[in-house]
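J.: Okay, handing you the structure first.
Numbering (mature numbering (1 follows the signal peptide of the UniProt record, and there is no 0)), first residue to last: -23 to -1, 1 to 239.
Next up, the structure:
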């Protein structure tokens, strides 16, 4: 009987250890499956794809990226879209949500300053080196992002106005939904030129001429955690990561400045 009791005790202990191990493994598995949804401005398509991979490798937290114009994303969040993080191309959109108490206090983070340039297909041989070159007759169509909802479109409009050629080129303008679509217009040849973000133009078969940052308001790009998020702890880690040296080096690699005036 004693031997039988010992056998039962051993079986009981083994079952307990097995259950504990199973629960521990389940917890680890669940932790690895944590996923946050990041609403990101279209100019971040290339840079954030790399940054999200770096972040996942570092933390085990997966990142689902949704790209659109900052103004569109801001409206979606106002209407209850289930995003965990909002990364805008202009701090104004983040501040508007903060004023409406829709972001977690203390999470607003400036992660980069965007830059714009004039792009044309290399095969077009247009040799566009300045904004004034856009007034030439052979440049029939010019793509820019919608200035009403896309910060990069607004920067393009400001640059054209300060260069004194807005009225001359206005009839040629083709308004894209966002800065990623602007690049597509140029790459497809639907427009002879376009004013794009330098970050998206990298690695493309395009001739790109930088536009002086003195011609447009700083593209101060900001991120924050959405207050309605059910994964605020993970979302905060992502926003904090954007300010890390590793993430900042990635942003610089894609043509962003990481401080004002660069």
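Virtual Cβ for every residue (Gly too), placed ideally from N, Cα, C.
Just to confirm, is the Cβ distance from residue 215 to residue 20 under 9 angstroms?
T.: Numbered from its first residue, the chain shown carries residue 215 at position 238. Numbered from its first residue, the chain shown carries residue 20 at position 43. No. Outside cutoff.
J.: To test your reading of the DSSP string, which unbroken alpha helix (DSSP H) runs of 4 or more residues are found completely within the region 16 to 74?
T.: The DSSP assignment places 22 to 36 and 47 to 55 as complete runs of the alpha helix (DSSP H) inside the region 16 to 74, in order along the chain (cut-off: 4 residues).
J.: Considering only C-alpha positions, which residue in the set 13, 103 and 199 is nearest to residue 113?
T.: For this step, residue 113 is matched to residue 136 along the chain shown. Selected option, being the one with the closest Cα: 103.
J.: Name the DSSP bridge partner or partners of residue 171?
T.: Counted from its first residue, the chain shown places residue 171 at position 194. In DSSP, residue 171 forms a bridge with 96 and 120.
J.: According to DSSP, which residues form a beta bridge with residue 199?
T.: Here residue 199 corresponds to residue number 222 of the chain shown, with the count starting at 1. Residue 199 is bridged to 65 and 87.
J.: So for residue 181, helix, strand or coil by DSSP?
T.: Reading the chain shown from its first residue, position 204 is the one you call residue 181. Reduced to three states, the DSSP call for residue 181 is coil.
J.: Determine the direct distance from the alpha carbon of residue 156 to that of residue 188, and round the result to whole angstroms.
T.: One-based indexing of the chain shown puts residue 188 at position 211. One-based indexing of the chain shown puts residue 156 at position 179. One C-alpha to the other measures close to 16 angstroms.
J.: Would residue 194 pass as a contact of residue 135 if the rule is Cβ separation under 9 angstroms?
T.: In the chain shown, the residue the question calls residue 194 occupies position 217. In the chain shown, the residue the question calls residue 135 occupies position 158. Going by C-beta atoms, residue 194 is nearer than 9 angstroms to residue 135.
J.: Does DSSP put residue 80 in a helix, a strand or coil?
T.: Counting from 1 along the chain shown, the entry for residue 80 is found at position 103. It is a strand residue.
J.: Do residue 204 and residue 169 have their beta-carbon atoms positioned less than 9 angstroms apart in this structure?
T.: As a first step, residue 169 is located in the chain shown; it is residue number 192 there, counting from the start. As a first step, residue 204 is located in the chain shown; it is residue number 227 there, counting from the start. In this structure, residue 204 does not lie closer than 9 angstroms to residue 169 by Cβ.
J.: Compute the Euclidean distance between the alpha carbons of residue 158 and residue 173, then round it to the nearest angstrom.
T.: Numbered from 1 along the chain shown, position 181 holds the residue referred to as residue 158. Numbered from 1 along the chain shown, position 196 holds the residue referred to as residue 173. Rounded to the nearest angstrom, the two C-alpha atoms are 10 angstroms apart.
J.: I'd like the span of the alpha helix (DSSP H) that includes residue 151, first residue to last.
T.: Position 174 of the chain shown holds residue 151. Residue 151 -> not in any alpha helix (DSSP H); beta strand (DSSP E) instead, spanning 150 to 153.
J.: How about the region 147 to 154 and the region 87 to 96: do they share at least three Cβ pairs that are nearer than 8 angstroms?
T.: no
J.: Could you check whether the region 28 to 46 touches the region 70 to 83, counting it as contact only if at least three pairs of C-beta atoms, one from each stretch, sit closer than 8 angstroms?
T.: no
J.: If you measure between the beta carbons of residue 192 and residue 139, is that distance less than 9 angstroms?
T.: Taking the chain shown and counting its residues from 1, one reaches residue 192 at position 215. Taking the chain shown and counting its residues from 1, one reaches residue 139 at position 162. Yes, the pair counts as a contact, with Cβ atoms nearer than the cut-off.
J.: Hey, how far is the Cα of residue 127 from the Cα of residue 44?
T.: Along the chain shown, one-based indexing puts residue 127 at 150. Along the chain shown, one-based indexing puts residue 44 at 67. Rounded to whole angstroms, the separation of the alpha carbons of residue 44 and residue 127 is 12 angstroms.
J.: Is the beta carbon of residue 23 sitting closer than 9 angstroms to the one on residue 219?
T.: Translated into positions along the chain shown, residue 23 becomes position 46. Translated into positions along the chain shown, residue 219 becomes position 242. In this structure, residue 219 does not lie closer than 9 angstroms to residue 23 by Cβ.
J.: Go through its chain and collect everything with a Cβ distance to residue 142's Cβ below 7 angstroms, but skip five positions before and after it.
T.: In the chain shown, residue 142 corresponds to position 165, counting from 1. The answer, listed in chain order, is 108, 109, 111 and 112.
J.: Considering only residues of the same chain and omitting the five flanking positions on each side of residue 99, which have a CB-CB separation below 7 angstroms?
T.: For this step, residue 99 is matched to residue 122 along the chain shown. Correct list, in chain order: 182, 183 and 184.
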